[in-house]
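Here is the structure we will look at.
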Amino acid sequence: MKLLADEEEKIMIVKEYNVLGTTIQLSVYDSDDETAINEALERLSQIDDRMSAFKNTSFISKINNNAGGLMQEVSEDVYYVIDKAVHYAKLSEGAFDPTIRPLVNLWGVFTNHAWVPEKYEIEEKLRLVNYKDIVLDKSNYAVKLKHRNQCIDLGAIAKGYAADEVKRIFLNHNIKSAIIDLGGNIYALGNKLDGSSFNIGIQDPMGFEGESIGIVSVRDKSIVTSGNYERYFEKDGKRYHHIINPRTGYPDENGIISVTVISNLSIDGDGLTTCGYIMGLKQGFKLIEDLEGVEAIFITKDKKIYITSNLMNNFQLINSEYTLVL
Ligand code: AMP
Ligand code: MG
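Last residue of the sequence shown: 316 (the numbering used here), numbering continuous.
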């Protein structure tokens, strides 16, 4: 996903930064005060330090290391994100599952030695995956996993929360026009300086990075995409991507190659893209269509595009290789 080129010119400040396992870009249009961006960058590092499963001292690692043991106290924000993750796990009946981590590790999704595991290994790890084993104690902001070796992974939702936090900080600093781009998770704050909406290009899942299949015009909206092109490896001509079906233990193969969700809160968009991706066109699309204030674009392997009804007037197809299914 990206902001279209003609709109990049009037930026007053733009900063790039590596955090949350990705390259992020914050662009502010109506202020040259750097304190807001600096505060946002600090907050992003804090979120990373608290929520990353890769950092030994994060609250998530503490929960994971204590699995099967005592309740682990966490910060209020970590509690909020875990609680949201459990909400989406329930809503998707386990298609989204924040305890997927043992499988993510087994597949080596984030390493440069990703491989196809043996079936018995997958079955062994699958037994550890069950969001119902997350025990939540809201009054003490404490969390635990019921069984040893279970592990939480907030990779499918934490970036959405982070975008919401950057937006909050920008608004506190009176910024009213900005693009918050957290590695493809975009939040369009306000509108362009001329009063018109931001035009956001939706990534062509089969094209090069930055090539769009279509455009949506938005203001004060989050636009998040989950796609099979984001992280993957190929083995014997087959692509294995980073979104794993908790029922099978394999990267999902239901014909979907990308799901984009447009919503007010980015944490909701991020949760729902992963739900939609795994639940597929039939169930996932319906789930989102039935939710209020949330729109979606599903793209399938056979180059068909499905959009929810309120997007009909706000989606412009620009790649003729794809067909918009109405
Ligand atoms: P996203 O790009 O938002 O769909 O998130 C994908 C990331 O979430 C992966 O890199 C994994 O860390 C994690 N993940 C993979 N499969 C699932 C799943 N079924 N439910 C929840 N998180 C998942
Ligand atoms: Mg997601």
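A virtual CB, placed ideally from N, CA and C, is assigned to each residue, including glycine. Remember, it's a predicted structure, so these values are computed and weren't measured experimentally.
Quick check on residue i: does DSSP put it in helix, strand or coil?
i, result
"Ser186", "coil"
"Lys149", "helix"
"Asn244", "coil"
"Leu316", "coil"
"Arg221", "coil"
"His77", "helix"
"Glu311", "coil"
"Leu144", "coil"
"Lys52", "helix"
"Lys83", "In the sequence as displayed, the identity of residue 83 is Glu instead of Lys. In the structure shown, Glu83 sits in coil (DSSP, three-state: anything other than H, G, I, E or B)."
"Arg40", "helix"
"Gly283", "coil"
"Ser129", "helix"
"Trp66", "The sequence shown places Glu at residue 66, not Trp. Three-state result, Glu66: helix."
"Asp338", "In the structure as shown, the chain starts at -9 and stops at 316, and residue 338 therefore has no counterpart that could be examined."
"Glu111", "helix"
"Val99", "coil"
"Gly59", "coil"
"Pro236", "coil"
"Lys45", "coil"
"Lys272", "helix"
"Leu93", "helix"
"Gly266", "helix"
"Gly261", "helix"
"Leu118", "coil"
Hey, residue i and residue j are a contact pair by Cβ (cut 8 Å); roughly how many whole angstroms apart?
i, j, result
"Tyr7", "Ile14", "5 Å"
"Tyr151", "Ile257", "4 Å"
"Gly266", "Ile278", "6 Å"
"Ala57", "Arg138", "5 Å"
"Thr290", "Ile246", "6 Å"
"Asn189", "Ile205", "5 Å"
Pull up the DSSP beta-bridge partners for residue i, would you.
i, result
"Ser256", "According to DSSP, Ser256 bridges with nothing at all."
"Lys5", "Leu16"
"Phe305", "Val206"
"Tyr296", "Phe288, Val315"
"Ala178", "Ile169, Lys211"
"Tyr230", "Phe223"
"Leu135", "Ile124"
"Glu199", "Answer is none; Glu199 lacks a bridge partner."
"Thr250", "Thr215, Ile287"
Whose C-alpha, out of the options, is nearest the C-alpha of residue i?
i, options, result
"Lys122", "Asn309, Ile112, Tyr19, Lys136", "Lys136"
"Tyr240", "Glu114, Val64, Asn55, Lys74", "Glu114"
"Ile213", "Gly191, Glu199, Tyr222", "Gly191"
"Asp38", "Asn55, Leu60, Ser65", "Ser65"
"Pro107", "Thr238, Lys157, Gly145", "Thr238"
"Lys182", "His103, Ser21, Gly227", "Ser21"
"Ala168", "Ala75, Glu24, Ser310, Gln36", "Glu24"
"Asp260", "Asp280, Glu285, Lys272", "Glu285"
"Lys166", "Ala148, Tyr151, Ser186, Tyr312", "Ser186"
"Pro195", "Gln306, Ser248, Tyr230", "Ser248"
"Thr89", "Ile233, Lys294, Leu31", "Ile233"
"Leu93", "Asn235, Asn46, Ile53", "Asn235"
"Asn120", "Lys149, Val18, Ala79", "Ala79"
"Thr313", "Asn300, Gln140, Phe288", "Phe288"
"Asp210", "Thr298, Val156, Asn309", "Val156"
"Asp143", "Ser48, Gly59, Glu220, Ala132", "Ser48"
"Val4", "Val125, Tyr19, Gly11", "Tyr19"
"Ala30", "Asp154, Lys276, Asn95, Glu243", "Asp154"
"Leu10", "Asn164, Ile147, Val251", "Ile147"
task = Under 7 Å from any heavy atom of the ligand MG, by CB: list those residues in chain order, please.
result = Ala146, Ile147, Gly150, Val214, Ser216, Asp260, Gly261, Thr263, Thr264
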